[in-house]
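Numbering (this note's numbering), first residue to last: 1187 to 2066.
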């Protein structure tokens, strides 16, 4: 029954098992499904059973072991599973067993070694376990294929008994140990095909391989073989394909390879070979493919190779120029030339223009120089041209525009100048162009088939054309570090396949088009270091976005709450803008957000708690005067680091002195600069109490004009406090002479404060100290500030009044101070003074607040002589 190669489908009828005299059943290459009928075991006369290339499932019926007259069984290319029934070992007349391309598992039955098989193919299954030594009994076996399974252990030495073997393929398993040497030479009579690749075989290559005189294919690649290549391999004169790649072979390429006159393909890549390429190797008449990449070969590239189609010499140490004879001798046969990652010098030869069949030319990462020869325009079949990371100069020749099939052009990291060719790939086949890190100028044309563009770090200028919207296939657009001006064209928002957009470090202005926020495929958006302004679009719905960089622009407004939709966001940089308002709490809930930088904005309110903010540092939020909350800030610093950075509190680093201690400027190993106050050593216990009081005071108070306490340390030698160091740029005198502040000598018991400036964008910090002096009250010493020009200013009560009013009002009290100067306090209602965000106080607290307001008003008196002293203020506050 021969019904093969039709379009029959459905299940195979079980009734076929009733045809007891059937000898031949060909059902191959159909669309049968279901399992193999168990009734087939009744076909006692059957000799040939072909069920290959169907959609059969299930296991092999044990009943097939009853087919004692079966000669050939082919069940390949189905979806059968389970193990091979032991009963198959009873098929004494079976010569051919083909089970490849299924999902069989389990061990290979030893009983198969009892058969008179001449062909067995078990490849592309899931068999495991070791190869049985009983395979050596199959004296008639010509083909043994067990490739692409999970076989372990070593190669049985009994394999050497298979003197009729033509083909042995054990590739892509987990075989280990050495290649058996003892009886390997016995296979030499008829062996033609040997593939042991992609295993874990170790040791050296046996010299006996040279005895396999009829071998035309040998593949031992992707193992752990080491030491030198045996010279005896040069005796395999029938060898057509030799692959020893991806091993640990050393030494030189044997000169004896010149005898391999039938060799068509040689792959010795990814080894540790050294020395020169034998000149005779390049002259082998039949050699079409050479791959010697990823070795330590050196010297010049030999000329020759009259029929080469593929030459891979990349990632070696070849030097000198590209041989002049390369193109002359090869003529038009070469299709793939990979010479990258070597030390080649000189220019691209005009003769390369003769390689009209060349498909890929990769010369990157060498030291080639000069201009690109115009003859490159003759490479009419070229698809990929890669010259990146060389020293090429001059203009890119217009003739590249004649390469009608060019799909990828990579010229990065050279010294090209001038414009890109106007008619670059005028027939529209170009898909990828990367010319970053050059000196190219003018602007870039628009090509509708482009999907990857990298023009970073050039000198392109002008505005982005709205025609970019025509590149509907564009996935990557990188134009960073150029001189591009104007706005971002809204048409960019129509590029629905765009995954990465980098326009950073240009001179772009205007707002981000709302349409950009709707690019659903976007993974990376980088617009940092431009002059973009306005608000960040609320339309940001980039669910797949992982990186967003908008820093160093002029953005205003609040951070959009819609950022909660950026569920894939991992990095967010909004630093150095004019953003205001609160940090959206939703940012803390983004599952993948790990890095965030909000520094140098006008943000306020609490810093959210969440994954992205757990390891937030001071550098990532500094420059926002209204933020509060816990951050990692500075790393914990060792006491020894502070002592070392101040040279054991040398006077050289001292920036201030007071009755309680001295202040030093210290630069930590991390680069952070801090102020370190070292308290004076005194014999009484007042020091310890005062030390703890100051720590308590500064950890409980949070205000943008109160200096931040970073840490403290106390031991037998020193007690130190580490503060934020806020130094005004320029002369303090220049600030103080620009505003109307009357300075009054201040000797304080409880408060030490710098002059408070009423200038916008200028912040001086107060330090509230709960430090009574260690000396008697009559000997209090004020703070000596060593400022620019060694000027000394004693603190002013006026500053305390301004600060008090700001705390009560909740914002800068400039308008209030002006009103107080023109009105009486009685004419101003308390509700107009209080922070509107707080509930109105009860009657008892109201009285205390009114007393504080009156006291602050007295501190703001125009006449300094009418202001109370800080000693009086301190006593009045204690009674409120």
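Quick reminder that beta carbons are idealized off the backbone N, C-alpha and C, glycines included.
Just so we're clear, the structure is a prediction, and the values are computed from it rather than from any experiment.
Its chain contains 1640, 1642 and 1688 as the residues whose beta carbon lies nearer than 6 Å to that of residue 1664, once the 5 sequence neighbours on both sides are disregarded; these appear in chain order. For residue 1717, the enclosing beta strand (DSSP E) covers residues 1717-1721. Taken atom to atom, the span from the alpha-carbon of residue 1691 to that of residue 1738 is near 9 Å. Contact check for residue 1269 against residue 1292 passes: the beta carbons are separated by less than 8 Å. Shown here for residue 1452: same chain residues with a beta carbon closer than 6 Å to its own, the five before and five after excluded, namely 1428 and 1476 in chain order. A distance below 8 Å between beta-carbons, with the five flanking residues on each side excluded, links residue 1859 to the following residues of its chain, in chain order: 1851, 1852, 1853 and 1911. Here residue 1284 is bridged, per DSSP, to 1260 and 1307. In the DSSP assignment, residue 1270 forms no beta bridge with any residue. In the assembly as shown, residue 2058 is an exposed residue. Its beta-carbon has fewer than 16 other beta-carbons within 10 Å.
Annotation for residue 1647: the continuous beta strand (DSSP E) segment containing it runs 1647-1649.
Residue 1256 and residue 1233 do touch by the CB rule: their CB atoms are close to 6 Å apart, below 8 Å. Comparing alpha carbon positions, the residue from 1320, 1387, 1322 and 1350 closest to residue 1339 is 1387. In the structure shown, the three-state DSSP call for residue 1864 is strand. Note: residue 1480 is not bridge-paired with any residue in the DSSP secondary-structure output. Residue 2056 has no beta-bridge partner at all, per DSSP. Annotation for residue 1799: the continuous alpha helix (DSSP H) segment containing it runs 1797-1800. DSSP places residue 1775 within a helical segment (H, G or I) once states are collapsed to three.
Close CB contacts of residue 1445 within its chain, under the 8 Å cut and outside five residues either way in sequence, are with 1420, 1421 and 1423 (chain order).
When DSSP states are grouped into helix, strand and coil, residue 1630 belongs to the coil group. DSSP, reduced to helix, strand and coil, places residue 1248 within a helical segment of the structure shown.
Shortest Cα-Cα distance from residue 1249 to any of 1264, 1906 and 1227 involves 1227. A distance of 8 Å or more separates the beta carbons of residue 1593 and residue 1629.
Boundaries of the beta strand (DSSP E) around residue 1404: 1403-1405. Beta-bridge analysis with DSSP links residue 1326 to no other residue. Residue 1657: not part of any beta strand (DSSP E); DSSP gives it neither H nor E.
For residue 1848, the enclosing beta strand (DSSP E) covers residues 1847-1853. DSSP places residue 1362 within a strand segment (E or B) once states are collapsed to three. Inter-residue distance for residue 1762 and residue 1898 is about 31 Å (C-alpha atoms, whole angstroms). Annotation: residue 1322 to residue 1661 spans about 58 Å, alpha carbon to alpha carbon.
Taking 8 Å as the cut-off, the beta carbon of residue 1310 is found closer than this to the beta carbon of residue 1286.
A contact between stretches requires three or more CB pairs, one per stretch, nearer than 8 Å, and the segment 1702-1714 meets this requirement with the segment 1734-1754. Under the three-state reduction of DSSP, residue 1291 is assigned to strand. Here residue 1710 is buried, its C-beta having at least 16 other C-beta atoms within 10 Å.
A direct Cα-to-Cα measurement between residue 1266 and residue 1245 gives close to 6 Å. Taken through DSSP and simplified to helix, strand or coil, residue 1499 comes out as coil.
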